[in-house]
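Undergrad:
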Amino acid sequence: MGGAAQVFLAAVGLAISSYLTVSFFLGKAPVCGPSEGCAIVQSSPYAVVLSKVPVALLGVGMYLLLVLLPLSERGLGAWRVAAPLVSFTLALGGLGFSAYLTWLEVFVIRALCWWCVASAGVVALLAPLTFWRAWQRAGGGDAP
Amino acid sequence: MAPVQRRRGGGGKRALLVGGAAGVALVLVAALVLVARVTTRPASPPPHSDLYRPVSPLPNAVPVTVFFDFQCIYCARFAREHEQRLRREYLPKGVVDLRLRHFPILGAESWLAAQAAECAGEQGRFWEYYDLLWRRHGGVNRGVFTARNLKAWGREIGLDGPRFDACLDTGRGLVKVEEDFREGRRLGVDATPTLIIDGQMIRGLVPWEDFRRILDEALRRRGLSL
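Protein chains in written order, with numbering that gives the first Met the number 0: chain X, 0 to 143; chain B, 0 to 225.
(1) Provide the residue span of the beta strand (DSSP E) that contains B/Thr229, from first to last.
(2) So, is B/Pro45 buried or exposed, given that buried needs 16 or more other C-beta atoms within 10 angstroms?
(3) Which stretch, first to last residue, makes up the alpha helix (DSSP H) that contains B/Asp130?
(4) Assuming B/Gly160 contacts B/Glu117 under a Cβ cut-off of 8 Å, what Cβ separation, rounded to an integer in Å, is found between them?
(5) Under a CB-based cut-off of 7 Å, is X/Gly60 close to chain B?
(6) Does DSSP classify X/Val54 as helix, strand or coil?
(7) Below 8 Å, how does it come out for the segment 127 to 144 of chain B and the segment 64 to 81 of chain B: are there three or more Cβ pairs, yes or no?
(8) Quick check: the Cα distance between X/Ser16 and X/Gly1, rounded to an integer number of angstroms?
(9) Which value, in whole angstroms, describes the spacing of the CA atoms of B/Trp207 and B/Gln122?
(10) Using 7 Å as the limit for Cβ to Cβ distance, is X/Ala119 near chain B?
(11) Out of X/Lys51, X/Phe7, X/Ala3, which has the shortest C-alpha to C-alpha gap to X/Thr20?
(12) Helix, strand or coil for X/Thr129, going by three-state DSSP, please let me know.
(13) What are the boundary residues of the alpha helix (DSSP H) that includes B/Asp164?
(14) What does DSSP give as the partner residue(s) for B/Leu105 in the beta ladder?
(15) Any contact between the segment 134 to 148 of chain B and the segment 187 to 202 of chain B? By contact I mean 3 or more CB pairs, one from each, below 8 Å.
(16) What's the gap between the Cα of X/Glu104 and the Cα of X/Ala82?
(17) In terms of DSSP beta bridges, what is B/Asp96 paired with?
(18) Between B/Leu27, B/Glu80, B/Ala20, which has its C-alpha nearest B/Leu204's C-alpha?
(19) Pick out the complete alpha helix (DSSP H) segments inside the segment 9 to 44 of chain X, 4 residues or longer, and give them in chain order.
(20) Do we get a CB-CB distance below 7 Å when we pair X/Val48 with the residues of chain B?
(21) What residues from the segment 98 to 122 of chain B come within 8 Å of chain X, judged by C-beta to C-beta, listed N to C?
(22) Using a cut-off of 7 Å between C-beta atoms, extract the partners of X/Gly92 located in chain B.
(23) So the candidates are B/Leu223, B/Arg36, B/Leu97, B/Leu111; which of them puts its Cα closest to the Cα of B/Thr64?
(24) Report the three-state DSSP secondary structure of B/Thr145 (helix, strand or coil).
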């Protein structure tokens with residue numbers, strides 16, 4: 000149940016970050032309703048790291064792993080304990096970085112990209128979920 | 000007692016594992032934020048170069064702030080028409096204190112052009128480069144204000160090429176551009192050009208006659224005239 004929820008939420012996050020990444024590489028502003036927030040955020044220097052890598056691409060990598068990890072837990076051995084811990088590390092890391100990016104949007108760029116906010120919401124749900132699964136599995140229990 | 004001790008031992012291991020994972024996550028976040036900040040923040044900002052002052056403005060000069068985007072067609076018209084007259088007729092008398100503020104909202108090329116102007120300012124040639132960019136203006140994100148073109152134009156007006164390239168590549172001009180952008184957002188600017196004449200905000204391009212009337216009223220309020 001928890002694994003399925005993780006896969007579902009991560010798939011939603013993957014769809015959002017993939018859309019933002021494709022928009023970035025096509026040089027088009029994401030659809031953002033009447034607001035120009037997405038265009039402003041996407042064209043700001045904070046939309047890339049290491050000069051060329053769009054931040055959204057980091058999200059694609061994280062969500063992809065969060066989709067795949069619960070599917071890889073079926074095997075026996077230490078991986079059954081390690082995989083939920085890795086998921087938790089990724090989700091908590093993603094939550095922290097999303098918090099930083101949201102802070103930049105609100106206080107530095109002063110524009111909100113609703114896709115980014117939605118992604119932050121998804122990772123905010125994933126963090127406690129993966130914590131719970133990691134906690135259950137690390138205790139020797141069977142993570143749901 | 001024995002089962003309780005076993006449970007405590009298991010709980011300790013569990014806390015250690017999950018706590019360790021959280022610790023790794025925090026290190027990951029710190030590393031990401033550090034990389035993001037280092038790669039988007041220049042080491043040392045260039046000095047401000049946005050004031051056009053053929054003579055120092057009078058203490059009671061009318062402040063005129065212009066928020067602009069190098070890719071905005073109406074900003075180009077403002078710069079070519081209104082601003083040229085302002086620079087010719089008002090600024091030499093010191094009655095207007097012109098303040099230009101970058102407000103790049105039209106995309107990546109707007110940010111790059113604004114940074115390039117600040118990099119020219121680093122070499123004391125802001126205005127030559129600024130005027131050149133308006134002459135080269137052509138559409139929105141159509142590959143006009145690319146790093147390659149901006150660097151070539153820097154050499155065209157005689158800038159120190161390697162220094163200009165390094166400024167653009169490392170994003171040294173970004174600090175000033177971001178500062179302006181934040182100021183604009185704080186003041187409620189949401190379009191370009193936006194003018195603030197003695198505290199009165201005017202959104203969009205207004206005809207020269209209207210612009211001059213508002214300006215002259217502000218001069219009169221401050222006991223000034225041409």
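Glycine included, each C-beta is placed from N, C-alpha and C at the ideal position.
TA: Taking the definition as stated:
(1) Since the first residue shown for chain B is 0 and the last is 225, residue 229 of chain B is missing from the structure and cannot be characterised.
(2) A caution first: B/Pro45 carries a pLDDT of 41, below 50, which makes its placement in the model too unreliable to give a value.
(3) 125 to 135
(4) So it is not a contact: roughly 17 Å between Cβ atoms.
(5) no
(6) helix
(7) yes
(8) 22 Å
(9) 32 Å
(10) no
(11) X/Lys51
(12) helix
(13) 160 to 169
(14) Looking at the DSSP assignment, B/Leu105 forms no beta bridge with any residue, so it has no partner.
(15) no
(16) 32 Å
(17) B/Pro62
(18) B/Glu80
(19) 36 to 42
(20) yes
(21) Pro103, Ile104, Leu105, Gly106, Ala107, Ser109, Trp110
(22) Ala24, Leu27, Val28
(23) B/Leu97
(24) coil
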